[in-house]
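Trainee: Sharing a structure with you now.
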Amino acid sequence: ELSVKMTDVFENKVPEINWEAIQQKAGSATRNASATVLGVLASQVENMIVASADLSNSDKTDGFLKKTHAFTKNDFSGAFLQARFGEVMGHTIYAYISDGGVQEEISQGAGRVAGHLGLNNLILFYDSNDIQLSTETKEVTSENVAKKYDAWNWKVITINGNDADEIRKALTEAKAETARPTIIIGKTVMGKGARKADGSSYESNCATHGAPLGGDAYRNTIRHLDGDPDDPFVIFPEVAALYAKRMEELKKIVAGKYAQKFAWAKANPELSVKMTDVFENKVPEINWEAIQQKAGSATRNASATVLGVLA
1 ELSVKMTDVF ENKVPEINWE AIQQKAGSAT RNASATVLGV LASQVENMIV
51 ASADLSNSDK TDGFLKKTHA FTKNDFSGAF LQARFGEVMG HTIYAYISDG
101 GVQEEISQGA GRVAGHLGLN NLILFYDSND IQLSTETKEV TSENVAKKYD
151 AWNWKVITIN GNDADEIRKA LTEAKAETAR PTIIIGKTVM GKGARKADGS
201 SYESNCATHG APLGGDAYRN TIRHLDGDPD DPFVIFPEVA ALYAKRMEEL
251 KKIVAGKYAQ KFAWAKANPE LSVKMTDVFE NKVPEINWEA IQQKAGSATR
301 NASATVLGVL A
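Take the sequence shown: its position 307, counting from 1, is numbered 307 in UniProt numbering, and each next residue is one higher.
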């Protein structure tokens, strides 16, 4: 029997599957529906070997697979603009990643490059709750993420991610870093404070991943968090006062930034025009035919010649 199964594996034979017989719950999240199908496949197919992965729609995701492109590009451009225009372009790129995100190879490639180039204006917050789509992370990985980023030349700060004071302190420390990017590893509890209909905890429960709370569970959770189940979205007076105060502080900060920019533009009119061109995507006309290439030049060298003109 095993011999027959082995032959089937190498001949890519799979049993007939009755797709219509697979039961799905109404309103089930796509990730859960996918898990149901994979469960059926795993139980029926002996040669489930994934030979390739189609990432053609990776830009459709809201995860780090998409955001990696954005934060790396922005950080590179931020470093370039600051070198070109000075402190008027000084800013910080903040990114967010979860347990699944740190497993993605594309995020690791971006992490290595950011550390190698010392992109110190990048701060990455890692929400580390040890839970992924359908299992605990220990089921699929045992790597030490902190040591991995440290090896890539990142500053690593590990905190209690559910403690606002520790987050504030870590951000202040990260902002002070001048030589390399920073990852803040926040050890968190998924579903913190959430309670089931019977009053038991939803915390660190894989089933809670992406599952909305409803009915008595919803009311119990609001009550457990000292809220009013009948008016769960009320804004407490002290919270409103705090944010109103912060809004006035931010208005002054923004006004100061604008004043700094206007003063810089007045003192650096030519650079100001160049900066405007950058943000309006204006580029000078390039005479491509005037670029000289050596006969028989390797494509990498020909490309380097063109890039030299563009630079």
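We treat Cβ as the ideally placed atom computed from N, Cα and C, and that holds for glycine. Here the structure is a predicted model, which is why all the values come from computation and not from measurement.
Assuming contact is defined by CB atoms lying nearer than 8 Å, are His-116 and Asn-144 in contact in what I supplied?
Mentor: Position 116 of the sequence shown, counted from the first residue, corresponds to residue 116. Position 144 of the sequence shown, counted from the first residue, corresponds to residue 144. Taking 8 Å as the Cβ cut-off, His-116 and Asn-144 do not qualify as a contacting pair.
Trainee: I'd like the span of the alpha helix (DSSP H) that includes Leu-271, first residue to last.
Mentor: Here the question's residue 271 lines up with position 271 in the sequence shown. Here the alpha helix (DSSP H) through Leu-271 covers 269–279.
Trainee: Would the beta-carbon of Ala-21 be found less than 7 Å away from any heavy atom of the ligand COA?
Mentor: Looking at this structure, you won't find the ligand COA or any other ligand, since it has none at all.
Trainee: Is the stretch 147–164 touching the stretch 101–115 in the sense that three or more CB pairs, one from each, lie closer than 8 Å?
Mentor: yes
Trainee: Assuming Ile-185 contacts Tyr-126 (C-beta within less than 8 Å), just tell me the rounded distance between them.
Mentor: By one-based count along the sequence shown, residue 185 stands at place 185. By one-based count along the sequence shown, residue 126 stands at place 126. Indeed, because the Cβ distance is near 5 Å, the residues count as touching under 8 Å.
Trainee: Short of 6 Å in beta carbon distance, which residues of its chain neighbour Ala-259, apart from the five on each side in sequence? Order them along the chain.
Mentor: Taking the first residue of the sequence shown as 1, we reach residue 259 at position 259. Correct list: empty, nothing qualifies.
Trainee: Just verifying my parser: in three-state terms, what is the DSSP assignment at Arg-84?
Mentor: In the sequence shown, residue 84 corresponds to position 84, counting from 1. Note: Arg-84 maps to helix in three-state DSSP.
Trainee: Mark Gln-132 as exposed unless 16 or more other C-beta atoms lie within 10 angstroms of its C-beta, in which case mark it buried.
Mentor: The residue you call residue 132 lines up with position 132 of the sequence shown. With 16 or more Cβ atoms within 10 Å of its Cβ, Gln-132 is classed as buried.
Trainee: Taking only the alpha-carbon atoms, compute the straight-line gap between Glu-136 and Ile-253 and give it to the nearest angstrom.
Mentor: If you number the sequence shown from 1, residue 136 lands on position 136. If you number the sequence shown from 1, residue 253 lands on position 253. Approximately 43 Å between the Cα atoms of the pair.
Trainee: Using only the alpha-carbon positions, how far apart do Ala-174 and Thr-208 sit?
Mentor: For this step, residue 174 is matched to residue 174 along the sequence shown. For this step, residue 208 is matched to residue 208 along the sequence shown. In a straight line, the C-alpha of Ala-174 is about 31 Å away from that of Thr-208.
Trainee: In the DSSP output, what is Arg-195 paired with across the bridge?
Mentor: Position 195 of the sequence shown, counted from the first residue, corresponds to residue 195. For Arg-195, which the question treats as bridged, DSSP gives the partners Ser-201.
Trainee: Is there contact between the stretch 195–207 and the stretch 216–233, where contact requires at least three CB pairs shorter than 8 Å?
Mentor: A contact between stretches requires three or more CB pairs, one per stretch, nearer than 8 Å, and the stretch 195–207 meets this requirement with the stretch 216–233.
Trainee: Would you mind reading off the limits of the beta strand (DSSP E) that contains Asn-160?
Mentor: By one-based count along the sequence shown, residue 160 stands at place 160. Per DSSP, Asn-160 belongs to the beta strand (DSSP E) from 155–160.
Trainee: Could you work out which residue in Trp-264, Gly-199, Val-189 and Lys-282 is closest to Met-89 when comparing CA atoms only?
Mentor: Against the sequence shown, residue 89 aligns to sequence position 89. Of the listed residues, the one whose Cα sits closest to Met-89 is Trp-264.
Trainee: Strictly by DSSP, which residues pair up with Gly-186?
Mentor: For the purposes of this step, residue 186 is identified with residue 186 of the sequence shown, where counting begins at 1. Gly-186 is bridged to Asp-127 and Ile-159.
Trainee: Hey, Ala-304 and Gln-293: beta-carbon distance below 8 Å or not?
Mentor: Numbered from its first residue, the sequence shown carries residue 304 at position 304. Numbered from its first residue, the sequence shown carries residue 293 at position 293. Cβ atoms of Ala-304 and Gln-293: not closer than 8 Å.
Trainee: One question on the structure: do Pro-229 and Arg-219 come within less than 8 Å of each other, judged by their Cβ atoms?
Mentor: Along the sequence shown, read from residue 1 onward, the residue named residue 229 stands at position 229. Along the sequence shown, read from residue 1 onward, the residue named residue 219 stands at position 219. Against a cut-off of 8 Å, the Cβ pair of Arg-219 and Pro-229 comes out as a contact.
Trainee: Within this structure, are the beta carbons of Leu-271 and Ile-183 separated by less than 8 Å?
Mentor: Here the question's residue 271 lines up with position 271 in the sequence shown. Here the question's residue 183 lines up with position 183 in the sequence shown. It is not a contact, given that the beta carbons lie outside the stated cut-off.
Trainee: The beta strand (DSSP E) that contains Ser-3, what's its start and end?
Mentor: Counted from its first residue, the sequence shown places residue 3 at position 3. Run containing Ser-3: none in the beta strand (DSSP E); it sits in the alpha helix (DSSP H), 2–10.
Trainee: Got a sec? Which residues, its chain only, sit under 7 Å from Val-306 by beta carbon, not counting five neighbours each side?
Mentor: Here residue 306 refers to the residue found at position 306 of the sequence shown. Here the set comprises Ile-291.
Trainee: What does Leu-122 pair with, by DSSP beta-bridge criteria?
Mentor: Counting from 1 along the sequence shown, the entry for residue 122 is found at position 122. Note: Leu-122 sits in a beta bridge opposite Ile-93.
Trainee: Closest to Lys-274 by C-alpha separation, out of Glu-104, Arg-84 and Glu-248, would be which residue?
Mentor: As a position in the sequence shown, residue 274 is number 274, starting the count at 1. Among Glu-104, Arg-84 and Glu-248, the Cα nearest to that of Lys-274 belongs to Arg-84.
Trainee: Identify, in the order they occur along the chain, each residue of the same chain with its Cβ nearer than 7 Å to the Cβ of Arg-180, setting aside the five sequence neighbours on each side.
Mentor: In the sequence shown, counting from the first residue as 1, residue 180 sits at position 180. Only Gly-115, Gly-118, Asn-120, Asn-153, Trp-154 and Lys-155 meet the Cβ criterion.
Trainee: Thinking C-alpha only, which one of Lys-261, Val-239, Lys-169 and Glu-1 is nearest Gly-86?
Mentor: Stepping through the sequence shown from its first residue, residue 86 is reached at position 86. Out of Lys-261, Val-239, Lys-169 and Glu-1, Lys-261 has the C-alpha closest to the C-alpha of Gly-86.
Trainee: Under 8 Å between the Cβ atoms of Ile-157 and Ala-170?
Mentor: For the purposes of this step, residue 157 is identified with residue 157 of the sequence shown, where counting begins at 1. For the purposes of this step, residue 170 is identified with residue 170 of the sequence shown, where counting begins at 1. Yes, the Cβ-Cβ distance between Ile-157 and Ala-170 is below 8 Å.
Trainee: On a Cα-Cα basis, can you pick out the residue from Thr-141, Glu-166 and His-91 that is closest to Gln-103?
Mentor: Numbered from 1 along the sequence shown, position 103 holds the residue referred to as residue 103. Gln-103 has its Cα closest to that of Thr-141, out of Thr-141, Glu-166 and His-91.
Trainee: Tell me whether Tyr-202 is buried or exposed, calling it buried when 16 or more other Cβ atoms sit within 10 Å of its Cβ.
Mentor: The residue labelled residue 202 in the question sits at position 202 within the sequence shown. Label assigned to Tyr-202: buried.
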